[in-house]
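Chemist: The sequence shown begins at 1 in full-length UniProt numbering and counts up by one.
Positions of the beta carbon are idealized from the N, C-alpha and C atoms, including for glycine.
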Amino acid sequence: MASRMNPAAVSSLCATHVEAPATGTCERCGTFICAAEGGRLCQPCAARGPEAYRKRVWGRRDGWAWALGLLGVWYLVPTVLYVSRGQGEVANALLGAVSGVACGLYWWGWKPMRLGIFAVPVLTGGVTLLGASQGRDVAVAFGVMLMLAVPLLLARLSTRNRLFFREEVSPAALEKSLRRYLDKRLAYVALGLSILSPCIPPLMLVSVPLWVSLLRRKDPVTGEPLLRKGTAIAGLLFALFGAWVGFVALYNFFSAPAL
Ligand SMILES: [Zn+2]
Ligand SMILES: [Zn+2]
Numbered sequence: 001m002a003s004r005m006n007p008a009a010v011s012s013l014c015a016t017h018v019e020a021p022a023t024g025t026c027e028r029c030g031t032f033i034c035a036a037e038g039g040r041l042c043q044p045c046a047a048r049g050p051e052a053y054r055k056r057v058w059g060r061r062d063g064w065a066w067a068l069g070l071l072g073v074w075y076l077v078p079t080v081l082y083v084s085r086g087q088g089e090v091a092n093a094l095l096g097a098v099s100g101v102a103c104g105l106y107w108w109g110w111k112p113m114r115l116g117i118f119a120v121p122v123l124t125g126g127v128t129l130l131g132a133s134q135g136r137d138v139a140v141a142f143g144v145m146l147m148l149a150v151p152l153l154l155a156r157l158s159t160r161n162r163l164f165f166r167e168e169v170s171p172a173a174l175e176k177s178l179r180r181y182l183d184k185r186l187a188y189v190a191l192g193l194s195i196l197s198p199c200i201p202p203l204m205l206v207s208v209p210l211w212v213s214l215l216r217r218k219d220p221v222t223g224e225p226l227l228r229k230g231t232a233i234a235g236l237l238f239a240l241f242g243a244w245v246g247f248v249a250l251y252n253f254f255s256a257p258a259l
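Listed below in structure tokens is the structure:
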């Protein structure tokens with residue numbers, strides 16, 4: 001984004017690059033900046049970014065934490081229903097209970113769960129293996145294990161996730177995570193998912209949280225919202241509308257009388 005032009009700055013020089021004519025002023029402290037700053041902040045203010053970002057997201061749930069919280073509900077609700085009705089196998093009930101609680105603790109931000117969460121794919125795969133009687137079932141068990149383990153590995157490698165668990169990160173990783181946090185292209189991803197929602201309604205599970213996250217993102221130094229509020233709200237409504245259309249279409253499809 002181009003820096004705001006300041007008429008008074010035309011004859012002034014950049015505070016950092018003393019030979020360069022100023023092209024605007026820093027949004028935070030008002031000092032003169034030039035084209036080399038390439039943004040809206042002077043160098044000292046921009047340098048405050050990563051630290052301000054760390055403070056802003058320290059201990060704050062990331063997308064992975066919310067996803068795991070949702071998975072925990074997904075494990076616990078059927079387990080409680082089955083157990084309360086006296087149905088289901090003991091192994092499955094135990095698996096559901098342990099996995100649900102593990103996901104809940106992860107959502108809560110209990111540090112040991114950053115590694116401990118891998119018990120969920122191991123247990124889920126293990127229980128599926130126990131019930132396996134043919135070679136094909138064994139393949140399914142490993143498939144399930146992998147499908148759960150790969151996203152968990154991505155979460156473990158994420159700097160933003162470390163910050164949620166209040167773990168120290170390197171300055172380079174922090175800066176990279178900040179750049180990602182302030183990347184507006186994420187709005188296009190959210191928009192793409194929203195456009196696909198009428199055909200694949202469950203995509204709303206990703207697009208809606210994404211819009212909510214975009215709506216709440218602010219430049220950690222200036223406090224300026226990443227997207228204009230109207231844009232983010234319009235995106236959110238569009239995602240909800242798309243999913244609604246998809247669900248109505250699905251409902252009509254399945255409730256249509258057979259010919
Ligand atoms: Zn400044
Ligand atoms: Zn400059």
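Secondary structure at Phe165, three-state DSSP: helix, strand or coil?
Modeler: Taking the sequence shown and counting its residues from 1, one reaches residue 165 at position 165. Coil.
Chemist: Using 7 Å as the cut-off, classify the Cβ of Cys199 as near or not near the heavy atoms of ligand 1, replying yes or no.
Modeler: As a position in the sequence shown, residue 199 is number 199, starting the count at 1. Not under cutoff, so the answer is no.
Chemist: Using only alpha-carbon positions, find the residue among Ala47, Leu203 and Glu37 that is nearest to Ala172.
Modeler: Indexing the sequence shown from 1 puts residue 172 at position 172. Comparing Cα-Cα distances from Ala172 to each of Ala47, Leu203 and Glu37, the minimum goes to Ala47.
Chemist: Expressed to the nearest angstrom, what Euclidean distance is found between the alpha-carbon atoms of Met1 and Tyr82?
Modeler: Along the sequence shown, read from residue 1 onward, the residue named residue 1 stands at position 1. Along the sequence shown, read from residue 1 onward, the residue named residue 82 stands at position 82. Residue placement at Met1 cannot be trusted, given a pLDDT of 44 that sits under 50; the coordinates are not used to answer.
Chemist: Measuring only the C-alpha atoms, how far is Gly125 from Arg228?
Modeler: As a first step, residue 125 is located in the sequence shown; it is residue number 125 there, counting from the start. As a first step, residue 228 is located in the sequence shown; it is residue number 228 there, counting from the start. Their Cα atoms are separated by approximately 44 Å.
Chemist: For Glu19, is the beta carbon positioned less than 7 Å from some heavy atom of ligand 2?
Modeler: Counting from 1 along the sequence shown, the entry for residue 19 is found at position 19. No, the Cβ of Glu19 stays beyond 7 Å of every heavy atom of ligand 2.
Chemist: Work out the CA separation of Leu76 and Gly135 for me, nearest whole Å.
Modeler: Counting from 1 along the sequence shown, the entry for residue 135 is found at position 135. Counting from 1 along the sequence shown, the entry for residue 76 is found at position 76. Going by the C-alpha atoms only, they are around 29 Å apart.
Chemist: Could you pull the start and end residues of the alpha helix (DSSP H) that Gln43 belongs to?
Modeler: Residue mapping note: residue 43 aligns to position 43 of the sequence shown, counting from 1. Element bounds for Gln43: Gln43 to Ala47.
Chemist: Helix, strand or coil for Lys218? Go by DSSP, reduced to three states.
Modeler: For the purposes of this step, residue 218 is identified with residue 218 of the sequence shown, where counting begins at 1. In this structure, Lys218 counts as strand in the three-state DSSP scheme.
Chemist: What first and last residue would you give for the alpha helix (DSSP H) that runs through Asp137?
Modeler: In the sequence shown, the residue the question calls residue 137 occupies position 137. Asp137 -> alpha helix (DSSP H) spans Gly135 to Leu157.
Chemist: Kindly give me the distance between the Cβ atoms of Trp129 and Ala139, rounded to whole angstroms, as I take these residues to be in contact under 8 Å.
Modeler: Working through the sequence shown from its first residue, we reach residue 129 at position 129. Working through the sequence shown from its first residue, we reach residue 139 at position 139. Per the sequence presented here, residue 129 reads as Leu, with Trp not at that position. The Cβ separation is near 11 Å, so there is no contact.
Chemist: Would you decide whether Cys42 is buried or exposed? Buried here means 16 or more other CB atoms lie within 10 Å of its CB.
Modeler: Translated into positions along the sequence shown, residue 42 becomes position 42. Buried, since its Cβ has 16 or more Cβ neighbours within 10 Å.
Chemist: In its own chain, which residues sit with a C-beta less than 8 Å from the C-beta of Ala102, not counting the 5 before and 5 after it?
Modeler: Position 102 of the sequence shown, counting from 1, holds the residue named residue 102. If we look at Ala102 and ignore the five residues flanking it on each side, its Cβ neighbours are Gly72, Met113, Gly116, Ile117, Ala119 and Val120.
Chemist: For Ser99, tell me which candidate among Gly109, Trp74 and Cys199 has the shortest Cα-Cα distance.
Modeler: Taking the first residue of the sequence shown as position 1, residue 99 is located at position 99. Ranking Gly109, Trp74 and Cys199 by Cα distance to Ser99 puts Trp74 first.
Chemist: From the DSSP output, read off the bridge partner residues of Leu13.
Modeler: Start at 1 with the first residue of the sequence shown, and residue 13 comes out as number 13. BP columns for Leu13 point to Pro21.
Chemist: Please report how far the alpha carbon of Trp244 lies from the alpha carbon of Trp211, in whole angstroms.
Modeler: Reading the sequence shown from its first residue, position 244 is the one you call residue 244. Reading the sequence shown from its first residue, position 211 is the one you call residue 211. Taking the straight line joining both Cα atoms gives about 16 Å.
Chemist: For the alpha helix (DSSP H) holding Leu115, just list the boundary residues, first then last.
Modeler: Counted from its first residue, the sequence shown places residue 115 at position 115. Per DSSP, Leu115 belongs to the alpha helix (DSSP H) from Met113 to Gly116.
Chemist: Assign Asp62 to one of two classes, buried (16 or more other C-beta atoms within 10 Å of its C-beta) or exposed (fewer than that).
Modeler: As a working mapping, residue 62 is identified with position 62 in the sequence shown. Answer is buried; the Cβ neighbour count reaches 16.
Chemist: Any chance the CB of Cys29 is under 7 Å from a heavy atom of ligand 2?
Modeler: Working through the sequence shown from its first residue, we reach residue 29 at position 29. No.
Chemist: In whole angstroms, what is the alpha-carbon distance linking Leu214 and Arg160?
Modeler: Here the question's residue 214 lines up with position 214 in the sequence shown. Here the question's residue 160 lines up with position 160 in the sequence shown. If I take the Cα positions, the gap works out to 15 Å.
Chemist: Look at the Cβ atom of Glu175, then the Cβ atom of Pro50, and state whether they are nearer than 8 Å.
Modeler: For this step, residue 175 is matched to residue 175 along the sequence shown. For this step, residue 50 is matched to residue 50 along the sequence shown. Yes, the Cβ-Cβ distance between Glu175 and Pro50 is below 8 Å.
Chemist: First and last residue of the alpha helix (DSSP H) that includes Pro78?
Modeler: Residue mapping note: residue 78 aligns to position 78 of the sequence shown, counting from 1. Looking at the DSSP string, the run of the alpha helix (DSSP H) that includes Pro78 is Gly63 to Ser84.
Chemist: Consider the C-beta atom of Ala47 and the heavy atoms of ligand 2; say whether any pair is separated by less than 7 Å.
Modeler: Position 47 of the sequence shown, counting from 1, holds the residue named residue 47. No, the beta carbon of Ala47 sits no closer than 7 Å to any heavy atom of ligand 2.
Chemist: Would the beta-carbon of Val208 fall within 8 Å of that of Ala234?
Modeler: Translated into the one-based positions of the sequence shown, residue 208 becomes position 208. Translated into the one-based positions of the sequence shown, residue 234 becomes position 234. The answer is no: Cβ separation not under 8 Å.
Chemist: If you count every other CB in all the chains shown that lies within 10 Å of the CB of Gly242, and 16 or more means buried, which is it?
Modeler: On the sequence shown, residue 242 is found 242 positions in, with the first residue counted as 1. Buried: at least 16 other Cβ atoms inside 10 Å.
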